[in-house]
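Taking it in order: structure first as structure tokens, then the write-up.
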Amino acid sequence: TAQADNDDKNDESDMKPLLVEPADKGNEDTKSDFFKQAFKFMLCFVGLQASYLTWGYMQELIMTTKFKETPRVPTGMFPSAAFCVFSNRFLAVVVAMIAVKIKHGAVFANNTAPLLSFTPCALSNTMSSWSQYASLKYVSFPVQTVFKSSKIIPVMMMGKFLKGTVYPSSQYLEALLITVGVAIFSLLSKSSDKNTETELLGLVFLVMYISFDSFTSQWQSKIYDQYGKENVDPYQMMLGVNVSAICITTAGLIITGDFPIVFEFLSANPQALRYNIITAITSASGQLCIFYTIKEFGPIVFTIIMTTRQMISICISAILFGHVISIKAGVGACLVFGVLFYQIRNKYNARMNKRQSNPAQR
1 TAQADNDDKN
11 DESDMKPLLV
21 EPADKGNEDT
31 KSDFFKQAFK
41 FMLCFVGLQA
51 SYLTWGYMQE
61 LIMTTKFKET
71 PRVPTGMFPS
81 AAFCVFSNRF
91 LAVVVAMIAV
101 KIKHGAVFAN
111 NTAPLLSFTP
121 CALSNTMSSW
131 SQYASLKYVS
141 FPVQTVFKSS
151 KIIPVMMMGK
161 FLKGTVYPSS
171 QYLEALLITV
181 GVAIFSLLSK
191 SSDKNTETEL
201 LGLVFLVMYI
211 SFDSFTSQWQ
221 SKIYDQYGKE
231 NVDPYQMMLG
241 VNVSAICITT
251 AGLIITGDFP
261 IVFEFLSANP
271 QALRYNIITA
281 ITSASGQLCI
291 FYTIKEFGPI
301 VFTIIMTTRQ
311 MISICISAIL
321 FGHVISIKAG
331 VGACLVFGVL
341 FYQIRNKYNA
351 RMNKRQSNPA
361 QR
């Protein structure tokens, strides 16, 4: 049926292997295309890791550092998670407008997808960012790590809900094993000196975070499918999402009256201002990598990269600060990377078998 054909196409788009094997154009062309895809994947992987490892560190500094007290903020803690989201989106809009202008000759005139089509994922992206910032006030680092590690399954559920994508049960099992492995590794490898008491409100924020974040990546993939990847590039996606997001966050800051409170706080604490600037820069570079990764490899691959980022951050911390990774934590790491290599091997073999059964495609 047409619906079944559409589901197959969606599934093929979302579940591309990390290193996509191209159509056979002869051995030399095949190898060349394969290595081009491998290079693209490495750029996406490194870009996401560098951007979000830095962003995550600065995010924690902003929300957990006790700054100089001000008349309106006697606690000395940064007063507004919404402003952090606003500063990230503000710079992202500027970068996206420049990029779109350079590439397309106009900021909005050549956009195929209307701005309103980006609003749902802009709202979910804003809410996921706000929830993540807010959760740091209530939950310990290990609890947040477990929730971040469990995003793969919600992404697959959103894919099924939004686009009717059908995933085989084996891929749900693989996603579950990856989640379990990352959780084991994270919980047994890193502890925080700034743990706070876990509260119900913090858990609610984390549930909101993974739910909104899963919706965001799948909606972006849906936009690419609806309007065509050739008509919506990563810069136009970045512009569309952040224009809507900056309107949402600005309205929120005006309604809550946070603007004057934050300006007073930043004037008294230039260090907090520097943290916000660095966070905005890495957020903008990270978004470029996000949109490009989802366009080239689909939302599941993107989520796998972002999930394994937590493991890499723990490894870097162990090297720089002398933390000891236990044997049990090593088992968690082996489980995750074992599943990833298993996925790559299976999909590579499936494509090789398909070629052998269809000689005409060679």
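Using my numbering, you'd call the opening residue of the sequence shown number 1 and step up by one each time.
By construction, the Cβ of each residue, glycine as well, lies at the ideal position given by its N, Cα and C atoms.
May I ask you to verify whether the region 204 to 211 touches the region 278 to 287, counting CB pairs closer than 8 Å and requiring at least 3? no
Check whether A92 and N242 have beta carbons under 7 Å apart: yes
Could you check which residue in L48, T112, D213 and G76 has the C-alpha nearest to that of I261? G76
Closest to I102 by C-alpha separation, out of A82, F34, D233 and T293, would be which residue? D233
Could you check what DSSP says for M77 in three-state terms: helix, strand or coil? coil
Restricting to Cα atoms, I'd like to know which of S357, S129, Y342 and P71 is closest to E60. S129
Where S326 sits in the DSSP three-state scheme: coil
Would G181 and G330 qualify as a contact pair, given that the criterion is a beta-carbon distance under 7 Å? no
What residue does the alpha helix (DSSP H) around A268 start on, and which one ends it? D258 to A268
Between Q220 and T293, what straight-line distance do the alpha-carbon atoms span, to the nearest angstrom? 11 Å
Quick check: the Cα distance between Q356 and N346, rounded to an integer number of angstroms? 15 Å
Would a C-beta distance cut-off of 7 Å place I248 and T126 closer than the cut-off? yes
Counting C-beta neighbours from all protein chains within 10 Å, is the total for I312 16 or more, i.e. buried, or is it exposed? exposed
Beta carbon of I62, beta carbon of F78: below 7 Å? yes
Take every Cβ of the region 290 to 304, pair it with every Cβ of the region 64 to 72, and state whether three or more of those distances are shorter than 8 Å. no
Check whether G286 and Y52 have beta carbons under 7 Å apart: yes
With a CB to CB cut of under 6 Å and the five nearest residues on each side skipped, what residues in its chain are close to M237? F291
Please confirm if F337 has its CB atom under 7 Å from at least one CB of chain B. Structure shown: chain B not included; a single protein chain is present.
Which of the three DSSP states, helix, strand or coil, is assigned to Y224? helix
Start and end of the alpha helix (DSSP H) containing V155? I152 to K163
Measuring alpha carbon to alpha carbon, tell me which of G257, F161, M306 and L201 ends up nearest V135. The residue asked about is misnamed: residue 135 is Ser in this sequence, not Val. Considering only alpha carbons, the answer is L201.
Is the beta carbon of A175 sitting closer than 7 Å to the one on I153? yes
How would you call V95, buried or exposed, if buried means at least 16 neighbouring beta carbons within 10 angstroms? buried
Entirely within the region 58 to 113 and at least 4 residues each: give me those alpha helix (DSSP H) ranges in chain order. 81 to 104
Any idea if F86 is buried or exposed, counting beta-carbon neighbours within 10 angstroms, 16 or more meaning buried? buried
Tell me the rounded alpha-carbon separation between D258 and F35. 50 Å
In whole angstroms, give me the CA-to-CA distance for T303 and M156. 10 Å
For Y52, name the three-state secondary structure that DSSP assigns. helix
Mind checking which residues open and close the alpha helix (DSSP H) that includes P133? Note that residue 133 is Tyr in the sequence shown, not Pro. Residues T119 to S135.
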